[in-house]
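Asker: If you're matching positions, the sequence shown starts at -1 in our numbering and goes up one per residue. Starting off with a structure, shown below.
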Amino acid sequence: MSKKRLAVVTGANRGIGHEIARQLAAAGVEVIATSRDPQQGRAVAKELGVRAFALDVTDDKSIDVLASELRDGLDILVNNAGVAKNGFDVNVVKQTLGVNFFGAMQVTERLLPLLRADARIVMVSSGMGELSSLSRELRARFDDPSLTKSELVVLMESFVDDVAAGIHGEKGWPTSAYRVSKVGVNALTRILARELRDDPRRIFVNAACPGWVRTDMGGRSAPRSPEEGARTPVWLALLPPDDGPSGGFFRDERPISW
Ligand code: NAP
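Right, here's the structure in full:
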């Protein structure tokens, strides 16, 4: 009998991440549902019949502890944890990029060596991260097919610096930390897919937009249920061996533009 695949879902105590964990478990995957709050994590584990793990994606130590737990490898990583804060200033920008972009990047980099053959990485992104929110010059830099991870980090840090200096508008950035964080997540998806193209493990990396979903983040008037929002990330997490896209951005299981 083949061993069950093992998935890690970040931010799985509520919202879309909770539903992704539920759908993956229902598909026969062994799920580690991670939460910042260990008590909430235990409650989710009990409810869904999955494993719980305490993880703050902004805390390197907590990522290291998770990695040591995964010594035997991992098949699916869903970077779902995210924040959308009210207001706009340098602190909001730092916190938002810290979770949505740097958190997803750190978790992925740390767990990448542990990924097994045919592993899948899913970035839960957003249509709000479309390149169209940037000036033409910034768009070209983010969209450069030779952009490296370290150059991307420099670009993301330059947004923080430009906000601190009060010049982000004239430099071509939108007044939205959330948008820029997801622009970064999307660029990271393309870079990772490119870096992994020749990896013998045949790992696929894709980004998903769940649509506007009724969660604490999306609010009550959002048209989609968490079940609908989780569908495309779960589809990407379960792409069969050798068959599927990598380096794409999807909503409703269909490609959408960056
Ligand atoms: P949500 O209900 O607010 O849930 C966010 C989750 O992220 C919670 O589990 C939260 O944990 C976790 N989180 C926040 N900061 C964290 C950190 N530092 N470390 C670990 N976990 C952290 O939001 P959601 O609507 O489910 O959103 C999930 C993802 O979908 C996000 O990436 C979001 O950007 C994306 N998305 C959502 C919508 C929408 O309409 N809802 C649309 C497009 C994209 P705590 O409970 O501990 O705070």
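Every residue gets a Cβ at the ideal spot worked out from N, C-alpha and C, and that includes glycine. These numbers were taken from a predicted model, which means no experiment stands behind them.
When you measure from the CB of G39 to every non-hydrogen atom of the ligand NAP, does any distance come out below 7 Å?
Answerer: no
Asker: Report all residues from its chain with a CB closer than 6 Å to the CB of V29; omit the five preceding and five following residues, and keep chain order.
Answerer: Around V29: A5, A19, L22, A23, V48.
Asker: Can the beta-carbon of A228 be found less than 8 Å from the beta-carbon of E67?
Answerer: no
Asker: Looking at the strands, I want to know which residues DSSP matches up with I201.
Answerer: Assignment of beta-bridge partners to I201 by DSSP yields no partner.
Asker: Is A79 near the ligand NAP, judged by its Cβ being under 7 Å from some heavy atom?
Answerer: yes
Asker: State yes or no: is the C-beta of D35 nearer than 7 Å to some heavy atom of the ligand NAP?
Answerer: It does: the Cβ of D35 is within 7 Å (strictly closer) of some heavy atom of the ligand NAP.
Asker: Please classify L4: does DSSP put it in a helix, a strand, or coil?
Answerer: strand
Asker: Is T230 near the ligand NAP - that is, is its Cβ less than 7 Å away from at least one heavy atom of it?
Answerer: No; taking the cut-off as 7 Å, the Cβ of T230 has no heavy atom of the ligand NAP nearer than that.
Asker: Give the straight-line distance between the Cα atoms of M(-1) and V27, rounded to the nearest whole angstrom.
Answerer: The predicted position of M(-1) is uncertain, since its pLDDT is 44 and thus under 50; no value can be drawn from it.
Asker: Tell me where the alpha helix (DSSP H) around S60 begins and ends.
Answerer: 58 to 67
Asker: Compute the beta-carbon to beta-carbon distance between T32 and G96, rounded to the nearest angstrom, for a pair I have assumed lies under 8 Å.
Answerer: Not quite, the Cβ-Cβ distance comes to about 17 Å (not below 8 Å), so this is no contact.
Asker: Taking the beta strand (DSSP E) that E28 falls in, what are its first and last residues?
Answerer: 28 to 33
Asker: Could you work out which residue in S179, R212, P231 is closest to M103 when comparing CA atoms only?
Answerer: S179
Asker: Label I165 either buried or exposed according to how many other C-beta atoms from any shown protein chain fall within 10 Å of its C-beta, with 16 as the threshold for buried.
Answerer: exposed
Asker: Return the bridge partner residues of P253 from the DSSP annotation.
Answerer: F248
Asker: Which term fits G85, buried or exposed, when burial requires 16 or more other beta carbons within 10 angstroms of its beta carbon?
Answerer: exposed
Asker: Do three or more CB pairs link the region 118 to 131 to the region 175 to 190 at distances below 8 Å?
Answerer: Segments in contact, yes.
Asker: Using the C-alpha atoms, what's the distance from P208 back to G167?
Answerer: Rounded to whole angstroms, G167 to P208 spans 28 Å at the Cα level.
Asker: Ignore the nearest five residues each way along the sequence and tell me which others in A205's own chain have a CB closer than 6 Å to its CB.
Answerer: M121, S123, N184, T187, F247
Asker: Return the chain-ordered list of same chain residues with a C-beta closer than 6 Å to the C-beta of E45, the five sequence neighbours on each side being excluded.
Answerer: none
Asker: Can you say whether E251 is buried or exposed, counting buried as having 16 or more other CB atoms within 10 angstroms of its CB?
Answerer: exposed
Asker: Give me the Cβ distance between S175 and K83, rounded to the nearest whole Å; I'm assuming they're in contact under 8 Å.
Answerer: The residue you asked about is not Ser; residue 175 is Ala in the sequence shown. Confirmed, about 7 Å.
Asker: Less than 8 Å between the beta carbons of L64 and L53, yes or no?
Answerer: yes
Asker: Work out the CA separation of P221 and W210 for me, nearest whole Å.
Answerer: 6 Å
Asker: In this structure, how does DSSP classify M(-1) when only helix, strand and coil are distinguished?
Answerer: Residue placement at M(-1) cannot be trusted, given a pLDDT of 44 that sits under 50; the coordinates are not used to answer.
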